[in-house]
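**Q** I have a structure here, written as C-alpha cells, and I will follow up with some questions on it.
2 protein chains.
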Amino acid sequence: MAGAKGLSINLATLRQQFDLQQACEACAKHGLEWVAPWRDQLAKVGAKQAARIIADNGLRVTGLCRGGMFTTDPDAIDDNKRAIDDAATIGADHLVLVVGGLPAGSRDLAAARRKVADGIAAVLPYARSAKLPLAIEPLHPMYAPDRAVINTLAQALDLCDALGDGVGVVLDTYHLWWDPELVPQIARAGRDKRILAHHISDFLVPTRDLLNDRGMMGDGVIDFRGFRRAVEAAGFTGPQEVELFSHDWWAKPGDEVIATCIQRFNAVC
Amino acid sequence: MAGAKGLSINLATLRQQFDLQQACEACAKHGLEWVAPWRDQLAKVGAKQAARIIADNGLRVTGLCRGGMFTTDPDAIDDNKRAIDDAATIGADHLVLVVGGLPAGSRDLAAARRKVADGIAAVLPYARSAKLPLAIEPLHPMYAPDRAVINTLAQALDLCDALGDGVGVVLDTYHLWWDPELVPQIARAGRDKRILAHHISDFLVPTRDLLNDRGMMGDGVIDFRGFRRAVEAAGFTGPQEVELFSHDWWAKPGDEVIATCIQRFNAVC
Numbered sequence: 006m007a008g009a010k011g012l013s014i015n016l017a018t019l020r021q022q023f024d025l026q027q028a029c030e031a032c033a034k035h036g037l038e039w040v041a042p043w044r045d046q047l048a049k050v051g052a053k054q055a056a057r058i059i060a061d062n063g064l065r066v067t068g069l070c071r072g073g074m075f076t077t078d079p080d081a082i083d084d085n086k087r088a089i090d091d092a093a094t095i096g097a098d099h100l101v102l103v104v105g106g107l108p109a110g111s112r113d114l115a116a117a118r119r120k121v122a123d124g125i126a127a128v129l130p131y132a133r134s135a136k137l138p139l140a141i142e143p144l145h146p147m148y149a150p151d152r153a154v155i156n157t158l159a160q161a162l163d164l165c166d167a168l169g170d171g172v173g174v175v176l177d178t179y180h181l182w183w184d185p186e187l188v189p190q191i192a193r194a195g196r197d198k199r200i201l202a203h204h205i206s207d208f209l210v211p212t213r214d215l216l217n218d219r220g221m222m223g224d225g226v227i228d229f230r231g232f233r234r235a236v237e238a239a240g241f242t243g244p245q246e247v248e249l250f251s252h253d254w255w256a257k258p259g260d261e262v263i264a265t266c267i268q269r270f271n272a273v274c
Numbered sequence: 006m007a008g009a010k011g012l013s014i015n016l017a018t019l020r021q022q023f024d025l026q027q028a029c030e031a032c033a034k035h036g037l038e039w040v041a042p043w044r045d046q047l048a049k050v051g052a053k054q055a056a057r058i059i060a061d062n063g064l065r066v067t068g069l070c071r072g073g074m075f076t077t078d079p080d081a082i083d084d085n086k087r088a089i090d091d092a093a094t095i096g097a098d099h100l101v102l103v104v105g106g107l108p109a110g111s112r113d114l115a116a117a118r119r120k121v122a123d124g125i126a127a128v129l130p131y132a133r134s135a136k137l138p139l140a141i142e143p144l145h146p147m148y149a150p151d152r153a154v155i156n157t158l159a160q161a162l163d164l165c166d167a168l169g170d171g172v173g174v175v176l177d178t179y180h181l182w183w184d185p186e187l188v189p190q191i192a193r194a195g196r197d198k199r200i201l202a203h204h205i206s207d208f209l210v211p212t213r214d215l216l217n218d219r220g221m222m223g224d225g226v227i228d229f230r231g232f233r234r235a236v237e238a239a240g241f242t243g244p245q246e247v248e249l250f251s252h253d254w255w256a257k258p259g260d261e262v263i264a265t266c267i268q269r270f271n272a273v274c
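Chains as they are written, first to last, in the working numbering: chain A, 6 to 274; chain B, 6 to 274.
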C-alpha cells in the first residue's frame, strides 16, 4: 500500500469506467490517499454528498477540475464562484483553472489573454474570502485555439505577478516538458510560492489525437525524474497527480488503470 | 499576375501532384516569381538540372528544404554540407534547418539541444565560405519529440547569438503564432538581422493529424495580418512562403492549390 503514497489520481483518468463513488472506492482499495474529481462528477451527486463519499473512503482532494473558460463562457464569473464553493465543500487544496481558448471566430490572442486576466481578477476576491487558491494551468501550445490561451509557465507566472495573492500554477509534465525555459521558470515558481500542483502524464510518439491520446508515464518521451527534481528543488513536495485523457486507457478496466498508475509512478516518476 | 507578387510556394505543398519540372511550370503559369524546393525533388534530377528547370521558368529560390537533423542522423555534418552545395547550386537565398528531435529512446532534451548547437557550429564555417545563410526553423512544441528540439523563436535567437554570423531564423506562422513572446521576439530578430524567411500556413481547429493537417490561410485561427505587421516592422519585406503539409490539399489538383494560395495570400495575409 505504501506504493501509492504521494500519488493522486485525477478522476478524469477513470471517467469512462467509474462514477465518483466507484472511483473513490477503487482508489481507496489500491491504497491511494488523494484524488482530484471533476465538476461533472460532483454535479451528479451534489457537492455535499461528494464530500461525504470522498471522506468515507479516507481520501483527500488535491485539486477540483475545473474553473476557467473566461474567454468563451458568458457566465464564467458566476460559474467560477460556484466552482470555488464546490472546491471548498469537498476540501480541495485548490481549484484548477483551464482559462479558455479563442472565442469562436476570433483570431485575437492578445484580447483573449486580456480577458483571462480580467476574469481571474474578477473572481479572485471571492476565492480569497473562501481561502481557496486558484491554480492557473498553462496548457500545451497546441491547445491555444480551443482550450487555454495561457501556454507557458513564464506567461502564467507573469499573470500571477500581476494578480497578487491567492493564485498559483499547476505544473503539468504533458503541457510543459518541451519548454526551453522550464527549469528556471519552475525555480521562479518556487521562489514566488506559486506551485499548487504537479500533474503527470506522458507525451506519446506518435500522438494520434491532440486531446485524448496522453500516455501512461514511461510510455512516451518525458523525463519525469528530471521534472520532479526541478519541482522538489523549488520546494514543492506535494502529491503528483496523474491525469490521463486517453481513449486507450479509458477502454481498460479501472482497477488495471489504477494499478498501472501506481506501478509506473514508482518506476519512472 | 501581380496577385502572386511577394508570394513563394514551398514545393512540399505540391509534392503529391507534381514533380519539380511540373511544379515550376505550374507556378510560373500562375505568375509566381519564387519557389522553395525540397532536396528529394532535387535528388531526382540532380541539383544542376534543378537549377536549370527553376531558371528556365523565370523563378528564384527562397529557401532549400532542408538541412538539419543533427540529433538523429549520424551523417548529419556531411549531409548538411551537401545541402549547402545544393542550395548554392540552385541559387537559394538560404538553407532551412529542421534541427532534429530526440534520438530514439532518449528523454534528454537538454543533451539533444546541445547536439544541435554543436552540429550547426560544425557546419557553419562551410556555410560561410559558400555565402549561404543557415535558417534555423523553430518548430511548434508538438514536434519536439521527433522533428525539432528548437521550439520557440527566443530559443532560436539565443542560439544565433551563440553562433555568430551566417545564421538566422525562419518565422513560420504555424509554428510560432501561439507564443506570448512572439511580437517582442520578432522585433529582436529584426534588430539582430536574423530574419531569413517568413513561412505561412494556418492552424486548423480541430487539427486531426499532428503532421499533415495544416490549413490554407484563412481556414484556421492565425492572424496573418498581425504576424505580417510584426515581421515588416522588424524590417523584413521578403516573400511570404506558403508551406502546406496537408492530406486534404495534396488530394486536390495542383493548379487549384496554387490558385487558392494566391487568392488567400491576397485576401488574408
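Note that CB positions come from ideal geometry on N, CA and C, so glycine has one too.
Because the structure is a prediction, the values reported are computed rather than measured.
1) Can a CB atom of chain A be found closer than 7 Å to the CB of Val172(B)?
2) Measuring CB to CB, does Leu137(B) end up less than 7 Å from Leu181(B)?
3) Go to Asn15(B), then tell me how far its beta strand (DSSP E) extends in each direction, as first and last residue.
4) List the residues of chain C that Phe208(A) touches, going by C-beta distances under 7 Å, in chain order.
5) Determine, using beta carbons only, whether Gly246(B) and Thr94(B) come nearer to each other than 7 Å.
6) Give the DSSP-derived three-state secondary structure of Ile227(B) in the structure shown.
7) Tell me which residue opens and which closes the beta strand (DSSP E) that Cys70(A) is part of.
8) Can you tell me which residues form a DSSP beta bridge with His99(B)?
9) Three or more beta-carbon pairs under 8 Å between the segment 165–176 of chain B and the segment 188–207 of chain B, yes or no?
10) Taking a cut of 7 Å between CB atoms, which residues from the segment 223–245 of chain B lie near chain A?
11) Report the rounded CA-to-CA distance for Pro258(B) versus Thr265(B), giving the unit in angstroms.
12) Of all the CB atoms in chain B, is at least one closer than 7 Å to the CB of Trp183(A)?
13) So, do the segment 225–233 of chain A and the segment 202–213 of chain A have three or more beta carbon pairs nearer to each other than 8 Å?
14) Determine the DSSP secondary structure at Met6(B), reduced to helix, strand or coil.
15) So what does DSSP say about Gln26(B), is it helix, strand or coil?
16) Taking C-beta to C-beta, are Cys32(B) and Ile14(B) nearer than 7 Å?
17) Would you say Pro1(A) faces chain B, with C-beta separation under 7 Å as the test?
18) Output needed for Ala159(B): all residues of its chain with C-beta closer than 7 Å, excluding positions within five of it in sequence on either side, in chain order.
19) Which runs of the beta strand (DSSP E) fall wholly inside the segment 156–200 of chain A and span at least 3 residues, in chain order?
20) Got a sec? Which residues, its chain only, sit under 6 Å from Trp254(B) by beta carbon, not counting five neighbours each side?
21) On the three-state DSSP scale, how would you describe Ala202(B)?
22) Which stretch, first to last residue, makes up the alpha helix (DSSP H) that contains Val50(A)?
23) Quick one: does the C-beta of Gly63(A) sit closer than 6 Å to a heavy atom of the ligand MG?
24) For Pro143(A) and Arg234(A), I'd like the C-alpha separation in whole angstroms.
25) Beta-carbon separation of Ala126(B) and Ala202(B) under 7 Å?
26) Does DSSP classify Asp80(A) as helix, strand or coil?
27) Would you please verify whether the beta carbon of Ile267(A) is less than 7 Å from any beta carbon of chain B?
28) What is the residue span of the alpha helix (DSSP H) that Leu129(B) lies within?
29) Around the C-beta of Asp177(A), are 16 or more other C-beta atoms found within 10 angstroms, so that it is buried, or is it exposed?
30) Which partner residues of Glu246(B) appear in the DSSP bridge assignment?
31) Cβ closer than 7 Å: which chain B residues qualify as neighbours of Arg112(A)?
32) According to DSSP, is Gly36(B) part of a helix, a strand, or is it coil?
33) Given that a residue counts as buried once 16 or more other Cβ atoms are within 10 Å of its Cβ, and exposed if not, what is Lys352(B)?
**A** Judging by the given coordinates:
1) Position 167 of the second sequence, counted from the start, is the residue given in the question as residue 172(B). No, Val172(B) does not count as interfacial toward chain A.
2) On the second sequence, position 132 is the one that residue 137(B) refers to. On the second sequence, position 176 is the one that residue 181(B) refers to. Not closer than 7 Å, so no.
3) Residue 15(B) sits at position 10 when you count from the first residue of the second sequence. Asn15(B) -> beta strand (DSSP E) spans 12–15.
4) Absent here is chain C; the protein component of the structure consists of chains A and B.
5) To locate residue 246(B), count along the second sequence from 1; it is residue 241. To locate residue 94(B), count along the second sequence from 1; it is residue 89. Looking at the sequence itself, residue 246(B) is Glu, so the reference to Gly does not match. Against a cut-off of 7 Å, the Cβ pair of Thr94(B) and Glu246(B) comes out as no contact.
6) Counting from one through the second sequence, the residue named residue 227(B) turns up at place 222. In this structure, Ile227(B) counts as coil in the three-state DSSP scheme.
7) Looking up residue 70(A) in the first sequence gives position 65. Its beta strand (DSSP E) spans residues 68–73.
8) Numbered from its first residue, the second sequence carries residue 99(B) at position 94. His99(B) is bridged to Gly68(B).
9) yes
10) Val226, Ile227, Asp228
11) Mapped onto the second sequence, residue 258(B) falls at position 253. Mapped onto the second sequence, residue 265(B) falls at position 260. The straight-line gap from Cα to Cα measures roughly 11 Å.
12) Here residue 183(A) refers to the residue found at position 178 when the first sequence is read from its first residue. Yes, because at least one Cβ of chain B sits closer than 7 Å to the Cβ of Trp183(A).
13) yes
14) Residue 6(B) sits at position 1 when you count from the first residue of the second sequence. Unreliable positioning characterises Met6(B) in this predicted model, as indicated by a pLDDT of 42, which lies under 50. The coordinate reading is nonetheless provided below. Residue state, collapsed to three classes: coil.
15) As a working note, residue 26(B) is residue 21 in the second sequence. Looking at Gln26(B) - three-state DSSP - the assignment turns out to be helix.
16) Mapped onto the second sequence, residue 32(B) falls at position 27. Mapped onto the second sequence, residue 14(B) falls at position 9. Yes, they are a contact pair.
17) The structure shown does not extend to residue 1(A), since chain A is modelled only from 6 through 274, so no value can be given for it.
18) Within the second sequence, residue 159(B) is the residue found at index 154, counting from 1. Result list for Ala159(B): Glu186, Gln190, in chain order.
19) 172–177
20) Taking the second sequence and counting its residues from 1, one reaches residue 254(B) at position 249. So the list reads Val262, once near-sequence residues are dropped.
21) Reading the second sequence from its first residue, position 197 is the one you call residue 202(B). It is a strand residue.
22) Residue numbering aside, residue 50(A) sits at position 45 when the first sequence is read from its first letter. Segment: none, Val50(A) is in no alpha helix (DSSP H) and carries neither H nor E.
23) With respect to the ligand MG, the structure offers nothing, as it holds no ligand at all.
24) As a first step, residue 143(A) must be located in the first sequence, where it is residue number 138. As a first step, residue 234(A) must be located in the first sequence, where it is residue number 229. Between Pro143(A) and Arg234(A), the C-alpha separation is close to 20 Å.
25) Within the second sequence, residue 126(B) is the residue found at index 121, counting from 1. Within the second sequence, residue 202(B) is the residue found at index 197, counting from 1. No, the pair does not count as a contact, with Cβ atoms beyond the cut-off.
26) As a working note, residue 80(A) is residue 75 in the first sequence. In the structure shown, Asp80(A) sits in coil (DSSP, three-state: anything other than H, G, I, E or B).
27) Against the first sequence, residue 267(A) aligns to sequence position 262. False, the Cβ-Cβ gap to chain B never drops below 7 Å.
28) Translated into the one-based positions of the second sequence, residue 129(B) becomes position 124. Note, Leu129(B): alpha helix (DSSP H), 114–134.
29) Counting from 1 along the first sequence, the entry for residue 177(A) is found at position 172. Its Cβ being crowded by 16 or more others within 10 Å, Asp177(A) is buried.
30) Stepping through the second sequence from its first residue, residue 246(B) is reached at position 241. DSSP, once it has assigned bridges, lists Ser13(B), His204(B) as partnering Glu246(B).
31) Along the first sequence, read from residue 1 onward, the residue named residue 112(A) stands at position 107. Near Arg112(A) (Cβ distances below 7 Å), the residues of chain B are Val226, Ile227, Asp228.
32) What you label residue 36(B) is simply residue 31 of the second sequence in a count that begins at 1. Coil at Gly36(B), not helix or strand.
33) The shown model of chain B, from 6 to 274, leaves out residue 352(B), and the question about it has no answer.
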